[in-house]
Amino acid sequence: MRKTRPASMFRAVVSAIGIALILAACGGGGGGGGGAGFLPILPTTPPASDGNNPPADNPPDGPPDNPPPPPVQPVVSCADLSGKSLPASLISLPTQGATVTSATPVAAGDVGNTLGDYCRVRGTIQPVDPASQVINFAVNLPEKWNQKTIHFGGGGFDGVLIDGTEVIRFGPADKPAPLALGYATYGDDSGHQSGSITDGKFAANDEQLANYGGLSLKKTRDVAQALVLARYGMAPKHAYFLGTSTGGRDALSYIQRWPLDYDGVIANEPALNYTGTRLSNVAVGRALYRNGGAGWMNLTKTLLVQKTVMNACDKLDGAADNLISNVESCRLLNTQILASLRCPGGTDTGNTCLSDAQLDTVRAIENPLDFTTYSLANGVKRAGGYNILEGTLVAGPYTTRDLGTRAVPGNPATSLDANMYVTGDQWVKYFVTRIDAFDSLTFDPLDPGAYTARVTAVSNLTDATNPNLAPFFGHGGRLIMLHGLADEVISNNSTIDYYKQVVATLGQAAVDQGMRFYTVPGMGHGTGSFIPNWDSLAALEGWVEGGLAPATGIAADAVAGTYGRTRPLCRFPAWPKYRGSGSLDAAVNYSCVTEVGDPLACPNLPASVTSYKGGNSFGEELRVQIDPAAMTYTVTIDASLQRTVGTQRTGSLIAEGNCSYSSAESGAVFSFGPGGVVSGGVNAPSGGGFAPLVAFQNTFAAAPVSGDFKSVANIFNAVGVQQGTGGTSAQSLAVRLRNAGTFQYCRDPVSGGFMIYDANCTQTEKGYVAYNTTRASFDLFTTSPTGSAVTTGGTLTGSMVIGLVNGVAVPVHLVRESAANAGLRVFGLQQSLTPGTADGSYALVSVKGENHDATVAGNGFNLAGAAAVLSYDAPVLGVVQADAGRPGNFIFNSGVLAFVSDPGANAALEFGVRH
21 MRKTRPASMF RAVVSAIGIA LILAACGGGG GGGGGAGFLP ILPTTPPASD GNNPPADNPP
81 DGPPDNPPPP PVQPVVSCAD LSGKSLPASL ISLPTQGATV TSATPVAAGD VGNTLGDYCR
141 VRGTIQPVDP ASQVINFAVN LPEKWNQKTI HFGGGGFDGV LIDGTEVIRF GPADKPAPLA
201 LGYATYGDDS GHQSGSITDG KFAANDEQLA NYGGLSLKKT RDVAQALVLA RYGMAPKHAY
261 FLGTSTGGRD ALSYIQRWPL DYDGVIANEP ALNYTGTRLS NVAVGRALYR NGGAGWMNLT
321 KTLLVQKTVM NACDKLDGAA DNLISNVESC RLLNTQILAS LRCPGGTDTG NTCLSDAQLD
381 TVRAIENPLD FTTYSLANGV KRAGGYNILE GTLVAGPYTT RDLGTRAVPG NPATSLDANM
441 YVTGDQWVKY FVTRIDAFDS LTFDPLDPGA YTARVTAVSN LTDATNPNLA PFFGHGGRLI
501 MLHGLADEVI SNNSTIDYYK QVVATLGQAA VDQGMRFYTV PGMGHGTGSF IPNWDSLAAL
561 EGWVEGGLAP ATGIAADAVA GTYGRTRPLC RFPAWPKYRG SGSLDAAVNY SCVTEVGDPL
621 ACPNLPASVT SYKGGNSFGE ELRVQIDPAA MTYTVTIDAS LQRTVGTQRT GSLIAEGNCS
681 YSSAESGAVF SFGPGGVVSG GVNAPSGGGF APLVAFQNTF AAAPVSGDFK SVANIFNAVG
741 VQQGTGGTSA QSLAVRLRNA GTFQYCRDPV SGGFMIYDAN CTQTEKGYVA YNTTRASFDL
801 FTTSPTGSAV TTGGTLTGSM VIGLVNGVAV PVHLVRESAA NAGLRVFGLQ QSLTPGTADG
861 SYALVSVKGE NHDATVAGNG FNLAGAAAVL SYDAPVLGVV QADAGRPGNF IFNSGVLAFV
921 SDPGANAALE FGVRH
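Sequential numbering from 21 applies to the sequence shown in the working numbering.
Structure follows, in structure tokens:
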């Protein structure tokens, strides 16, 4: 560490502290932007060239002829600070002064220290009220100071010292703590001491409550800046405030009250509508626990809600990735999600559904509180709800904040009760009523009665909802806010409301100049299925010090199971939408978009009543009629060995997003692809479940029998299934459809599967097709496998529908040979298929009566959650082989994908369309 300075120099510096504090009140932070006499700090990425900018290959810290200023070294020793006091007159809010209780040199080589050489200062600020506790503060003064300070905010109900040694919250995993980078850092405990950040007893004292509401921040800042001046003999060039949760509220509260003290602020998931949050906590508790706990949901039921939401909304952003990014589209599904969860009759019948009282609890968590009889601070009339029906997790492995383990809460509530209610209960007891034994379930958040005025008064003390940030922006202040869209503790919707109010107050142009607001899908309260890592401090410094405003960032996921995947960090109201190709884990494959109109509308749905022609896995030929106005379907059987021709199935289609719709066909999901193709299912003719189907709006017709097939004739690969009394087996073949309508299948003599088509193949089937005008399909006749190609005679063994998708032929062979041999085969061209051609997200239906999502992204494949690596043109041209992660092969034809799993993996066929 540096050689110490004599105590006489400390006395000389302390004599200047009064001047420093006066200057701070007029501009804070040392000028708020680097005034005259300071060398400018250039942005890491230079602005667009105006002819005077340095070359792009200059070092990122600045051009060689204008390097950043060297670190400042102390002018007094660390030990000289110990025991010193600051009079109350030099702290801008009422106190009894401050005392440094310890000043300890910490060496870079000390065991366990990763923060470099610094002076660890600890002290207290004495209260005016002798019944109030002191404010404990921490200040850390590095031996090599970068002329910047960082104030760290608190968390929860505080009571625990924020010591300033922490890393940047949600920062890059490999970035050292600011103290290690040369920042002088500081924090406090907000003026009370407790072993728990959910202990609200301190609020029974007025001064402690006011300190928690924000006054301790100003007091600590004044003391810290005085210590910085004392040690270095100069004020900082730039001062920043970083806070998360309550600390985010702290950051916003500070710049709303004292806008000139800080140059830049980061407010993560801020508890800015603090009173609204606590009122919402109580409302949730009342829904859970009143009426004997009828509304309480156990872990199994809570997980059921979350799973139902994820199934309904995961794909609305184009990617099945366990993240709900298109939150507002998902919100449109609230009604149907709740309806699907309801127990018959609304009474609790077990863990597979929710009673009406439990559904009311879900609504209490989801919906905002609108205050019609009174207002909170700054005229706020609303507390945002939590997105439990849009991906917020209140149970399971991604959060520790759940709904508790008992239906009747304690008084006071404990960790056995819902996390939300614990903090709400403490708030009612100590912030509002100041009655230890008060039953918070009797407190009505919408009508506090005799406590209404008190609620408003507390709101004025604790909330950070003043939208007039003009004084902060006016001196060059810059603000970055970030909030997860799945926050289970602090409503992101309250933060959105605040942002909109700032825009309404100042105008979008002023907000764009001074503020960035990012929202993160899947992110909870430091929890969730996506926890972003990005360098917010570097972004803020580049903006404040270099004038480089942050744009769309890149966030890396810190969640263990998905560590390292990236997403764009989108500015509200945009969200990351998958572009349809490339890795699901790479931000480059997403765009920040804003939905316009009905996000659940399907561009592939027909505009009027339309019939599609096709067939199913039992070889049944059928028609599917879609009525888009009524959102109904009718499936009519045109040819079958299992049931009467003319049999119909009808039902309603309910939107699930991405052009997929649930049906009444034993769970089958209908999906509409571009070019007039639909996949789905119809109740199976026997055995239960559904038989997957594919059908086409446009089909090829050739008549008479010797009609011209030139436009559709080609060499194909085919995958299919054989179902019947002999069981179910998957198939993979080569096939040629000739100009005259004859066909020939070939199987590899060894594997019985794919091969390069060879007219002389030994494992073969032959025949021809003839157009049937009555059914608008081709009758298929099988002829001798050893004879020449003919277009007469033979045995009728099924039919063929040749779909036309954007004019491209997609033949489907419907096998109806016998009860033991019925099935379906889908064709795809036997020609080279390059990576990227088939990229996209697919909705597949399986012969096992299941619906699966699939994604193809270059050499990556994911089917129903199983990931595999793809090899193209393997084992033959036009076939794609998936490795052991999901062993099998698929063919692709004009947006239709058909996958057949390996024989050793319980072989099955599934097919469907690209969204």
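Even glycine gets a Cβ: it sits at the ideal position worked out from N, Cα and C.
Just so we're clear, the structure is a prediction, and the values are computed from it rather than from any experiment.
1) If I measure Cβ to Cβ from I357 and keep anything under 8 Å in the same chain, skipping five residues before and after, which residues do I get?
2) Report, in whole angstroms, the separation of the C-beta atoms of P198 and I182, which I expect to be a contact under 8 Å.
3) From F774, D376, N879, pick the residue whose C-alpha is nearest to that of L897; which is it?
4) Does chain D have any CB closer than 8 Å to the CB of L353?
5) The alpha helix (DSSP H) with N311 in it runs from where to where?
6) Do you know offhand how far E565's Cα is from N826's?
7) Could you spell out where the beta strand (DSSP E) holding A158 opens and where it closes?
8) Could you compute how far the alpha carbon of A711 sits from the alpha carbon of T803?
9) Could you give the first and the last residue of the continuous beta strand (DSSP E) run that contains A5?
10) Pop quiz: T412 and Y294 are said to be a contact at Cβ under 8 Å. What is the actual Cβ separation, rounded to whole angstroms?
11) Decide yes or no for the touch test of the segment 465 to 478 against the segment 537 to 549: beta carbon pairs closer than 8 Å, at least 3 of them.
12) When the Cβ atoms of the segment 93 to 113 are set against those of the segment 235 to 246, are three or more pairs found closer than 8 Å?
13) Can you tell me where the alpha helix (DSSP H) with A359 in it begins and where it stops?
14) Go ahead and label I657 buried or exposed: buried means 16 or more other beta carbons lie within 10 angstroms of its beta carbon, across all protein chains shown.
15) Does the distance from the C-beta atom of R934 to that of G700 stay below 8 Å?
16) Within the same chain, show all residues whose beta-carbon is closer than 7 Å to that of Y450, passing over the 5 residues directly before and after it, in chain order.
17) Just confirm the distance between the C-beta atoms of V916 and N909, as a whole number of angstroms; I'd bet it's less than 8 Å.
18) Grouping DSSP H, G and I as helix and E and B as strand, with all else coil, what is M330?
19) How is the beta strand (DSSP E) around C766 delimited, first residue to last?
20) Report the three-state DSSP secondary structure of P364 (helix, strand or coil).
21) Does DSSP classify L249 as helix, strand or coil?
22) Would DSSP call G932 helix, strand or coil?
23) Residues in its own chain within less than 6 Å of K168 by CB, not counting five upstream and five downstream?
24) Out of L343, F493, Y765, T320, point me to the one whose CA is closest to T425's CA.
25) Excluding the 5 residues preceding and the 5 following W554 in the sequence, name in chain order all residues of the same chain whose CB lies nearer than 8 Å to its CB.
26) Mind reading off the beta-carbon distance from V120 to G103? Whole number of angstroms is fine, and I expect it under 8 Å.
27) Run through DSSP, which three-state label would G707 get?
28) Counting pairs of beta carbons, one from the segment 525 to 543 and one from the segment 500 to 513, are three or more of them closer than 8 Å?
29) By how many angstroms is the C-alpha of Y394 removed from the C-alpha of T472?
30) Taking the continuous beta strand (DSSP E) assigned at Q563, which residues delimit it?
31) Would you kindly check if the distance between the Cβ of G639 and the Cβ of A715 is under 8 Å?
32) Does the Cβ of A874 have 16 or more other Cβ atoms within 10 Å, making it buried, or fewer, making it exposed?
33) Let's test the definition: count the other Cβ atoms within 10 Å of the Cβ of S12 and tell me whether it reaches 16, buried, or not, exposed.
34) Going by DSSP in three states, P2 sits in which element: helix, strand or coil?
35) Quick one: Cα of G932 to Cα of Y610, how far?
36) Residue range of the beta strand (DSSP E) that P125 falls in?
The short version:
1) T328, V329, A332, L409
2) Not a contact, Cβ separation roughly 13 Å.
3) F774
4) Looking for chain D here will not work: only one protein chain is present.
5) 294 to 313
6) 55 Å
7) 155 to 162
8) 28 Å
9) For the chain, the structure presents residues 21 to 935; residue 5 sits outside this window and is missing.
10) Not quite, the Cβ-Cβ distance comes to about 19 Å (not below 8 Å), so this is no contact.
11) no
12) yes
13) 354 to 361
14) buried
15) no
16) G220, K221, A223, A224
17) Actually they are not in contact, since the Cβ atoms of V916 and N909 sit about 15 Å apart, beyond 8 Å.
18) helix
19) 762 to 767
20) helix
21) helix
22) strand
23) Y203, P256, H258
24) T320
25) F190, G191, P192, G573, I574, A575, A576, L589
26) 6 Å
27) coil
28) yes
29) 7 Å
30) Before going further, note that residue 563 is Trp rather than Gln in the sequence given. It is not in any beta strand (DSSP E) - W563 instead sits in the alpha helix (DSSP H) that spans 556 to 566.
31) no
32) buried
33) Absent from the model: residue 12. The displayed extent of the chain is 21 to 935, so no value can be given.
34) Residue coverage of the chain in this structure runs from 21 to 935, which leaves residue 2 outside it and unanswerable.
35) 23 Å
36) 118 to 126
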